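Heads up, the thing below is written out as structure tokens.
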Ligand SMILES: Cc1cc2nc3c(=O)[nH]c(=O)nc-3n(C[C@H](O)[C@H](O)[C@H](O)COP(=O)(O)OP(=O)(O)OC[C@H]3O[C@@H](n4cnc5c(N)ncnc54)[C@H](O)[C@@H]3O)c2cc1C
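Numbering (this note's numbering), first residue to last: 1224 to 1695.
Here you go:
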């Protein structure tokens, strides 16, 4: 027996549950599938167990992507205030912690319960644990589809049976924290459907440093202090420095390297081999403080340094250089100025990160620059066939993939031939032939899933020698 749902969501995490709830509340018959027994395990551990569920001041600027515009309409359509209102509707208490970050007062479980209640309100069905063996694009409308929209259909082979649906949402998340169920399923499906990828990498992740070079700092594990951190090296040109990403947050020393909000944030921008620059005493005039101390104090340099940075850090820093292990009054001005400069501009190069085992998120993934997600069909069309001008008036629903619009001059018969070519092409998901044409031609639109399919479709329709066309 094949089960039919209007929409199937694979992955019962934050994204999948929210999407399913909204679709269900809009009247669709929705199924959520997850291979884990429990839902939303990542929400459970988020925000130290209290889930930092939104930030009051989210804007598109906070979105890290090669296509920074991708999130604009989503953020305009559903704002942080909308989600806050949802928490208020469910009576979930919360508080602001730091820089607009909102956390649950009680626990992240409140957010999971909220999402499950919203799913229940949308009569969403859940199959858990349930493994998905295969997803097939049937490329045709489903006989089971009572709505009969003409949209293409997906068949999902699961260990609980076969499912057909015209709307399939892959919400299986990224690669971080495999021990609670993360897999590369979403990326494999993307490849199956020919979507371009940006190499995934661990992000919001602690950074690690070379064993020997890190030895003096390993003893500082557990020490936290406010810093300013940025990507790039001291040799960077002014233009490169202007582009550097900078955060003012807390830094945490660990046994293997650095963590804390400052490093987690910068890790999303850091690329292998790149240096980091850290000001360990932001907002302080270190040169002035050390030279002033030299004039009046007989204390060791480390002890004087401890008035501007934590004493454990001052001791560790002084231990790296014999010239710093003396009373401050015996130090040269040059040595003190150099110490001040290095503390305000500590340049270090991570040898890597703690990886997906510790990463809060995964950067990269599906390439958001493609016309699959940005309706730039007209741009693509213009590249392929600049003389095609009437597509501007075309109003097909583009939600189902790329739209290839061919303006065919000639009889309706030849148009029909071309349309039949498109129908028999497995890469084309939808065909639309308009009949209310101006005298000059007939418009034929086909939907394809990717750039390559799009171009192939164009070639199969247009490049074929005219002699083979079934002319009237
Ligand atoms: C320690 C930690 C702290 C965090 N803190 C915060 C925070 O405070 N605020 C914040 O906004 N974000 C935080 N995050 C990030 C946040 O948790 C994630 O970005 C978010 O949960 C991702 O949601 P998702 O639905 O996309 O994916 P996921 O939550 O990963 O959900 C994916 C679901 O798909 C299922 N799945 C995977 N593969 C398959 C498969 N093959 N078949 C079937 N099902 C499958 C999984 O079991 C899972 O249930 C934190 C992350 C971590 C690790």
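The C-beta atom is built at its ideal place from N, Cα and C for all residues, glycine as well. Computed from a predicted model, the values in this text were never measured in an experiment.
Starting from residue i, follow its DSSP beta bridges and name the residues at the other end.
i: residue 1449; result: 1473
i: residue 1564; result: The partner list for residue 1564 (beta bridge, DSSP) is empty, contrary to what the question assumes.
i: residue 1425; result: 1585
i: residue 1317; result: 1327
i: residue 1290; result: Paired residue(s): none; residue 1290 is not in a bridge.
i: residue 1230; result: 1253 and 1390
i: residue 1576; result: 1430
i: residue 1420; result: 1589
i: residue 1496; result: Bridge partners of residue 1496: none, in fact.
i: residue 1225; result: 1385
Count the other CB atoms within 10 Å of the CB of residue i; is the residue buried (16 or more) or exposed (fewer)?
i: residue 1545; result: exposed
i: residue 1502; result: buried
i: residue 1485; result: buried
i: residue 1284; result: exposed
i: residue 1323; result: exposed
i: residue 1573; result: buried
i: residue 1234; result: buried
i: residue 1478; result: exposed
i: residue 1258; result: buried
i: residue 1252; result: buried
i: residue 1295; result: exposed
Output yes or no for whether 8 Å exceeds the beta carbon distance between residue i and residue j.
i: residue 1423; j: residue 1397; result: yes
i: residue 1384; j: residue 1246; result: no
i: residue 1528; j: residue 1540; result: yes
i: residue 1394; j: residue 1239; result: yes
i: residue 1277; j: residue 1316; result: no
i: residue 1470; j: residue 1489; result: yes
i: residue 1537; j: residue 1525; result: yes
i: residue 1254; j: residue 1350; result: yes
i: residue 1450; j: residue 1339; result: no
i: residue 1388; j: residue 1356; result: no
i: residue 1591; j: residue 1289; result: yes
i: residue 1563; j: residue 1509; result: yes
i: residue 1467; j: residue 1455; result: yes
i: residue 1337; j: residue 1576; result: no
i: residue 1523; j: residue 1549; result: yes
i: residue 1552; j: residue 1530; result: no
i: residue 1588; j: residue 1410; result: yes
i: residue 1359; j: residue 1377; result: yes
i: residue 1453; j: residue 1419; result: no
i: residue 1231; j: residue 1412; result: no
i: residue 1464; j: residue 1570; result: no
Report the three-state DSSP secondary structure of residue i (helix, strand or coil).
i: residue 1295; result: helix
i: residue 1332; result: helix
i: residue 1548; result: coil
i: residue 1414; result: helix
i: residue 1515; result: helix
i: residue 1521; result: coil
i: residue 1272; result: helix
i: residue 1404; result: coil
i: residue 1384; result: strand
i: residue 1480; result: strand
i: residue 1260; result: coil
i: residue 1462; result: helix
i: residue 1690; result: Reliability fails at residue 1690, whose pLDDT of 28 lies under 50, so the model's placement of it is uncertain and the value that follows must be treated cautiously. Correct three-state label for residue 1690: helix.
i: residue 1300; result: helix
i: residue 1398; result: coil
i: residue 1345; result: coil
i: residue 1338; result: helix
i: residue 1265; result: helix
i: residue 1531; result: coil
i: residue 1322; result: coil
i: residue 1467; result: coil
What span of residues does the alpha helix (DSSP H) with residue i cover, start to end?
i: residue 1307; result: 1303-1312
i: residue 1527; result: 1524-1528
i: residue 1248; result: 1237-1248
i: residue 1483; result: 1483-1490
i: residue 1535; result: 1534-1542
i: residue 1457; result: Careful: residue 1457 lies outside any alpha helix (DSSP H) and carries neither H nor E.
Would you give the residue range spanned by the beta strand (DSSP E) that residue i belongs to?
i: residue 1377; result: 1377-1381
i: residue 1506; result: Run containing residue 1506: none; DSSP gives neither H nor E here.
i: residue 1349; result: 1348-1350
i: residue 1276; result: 1275-1278
i: residue 1176; result: In this structure the chain extends from 1224 to 1695, so residue 1176 is not present and cannot be described.
i: residue 1356; result: 1355-1360
Is residue i near ligand 2, with its Cβ less than 7 Å from a heavy atom?
i: residue 1408; result: This structure lacks ligand 2; its bound ligands are ligand 1.
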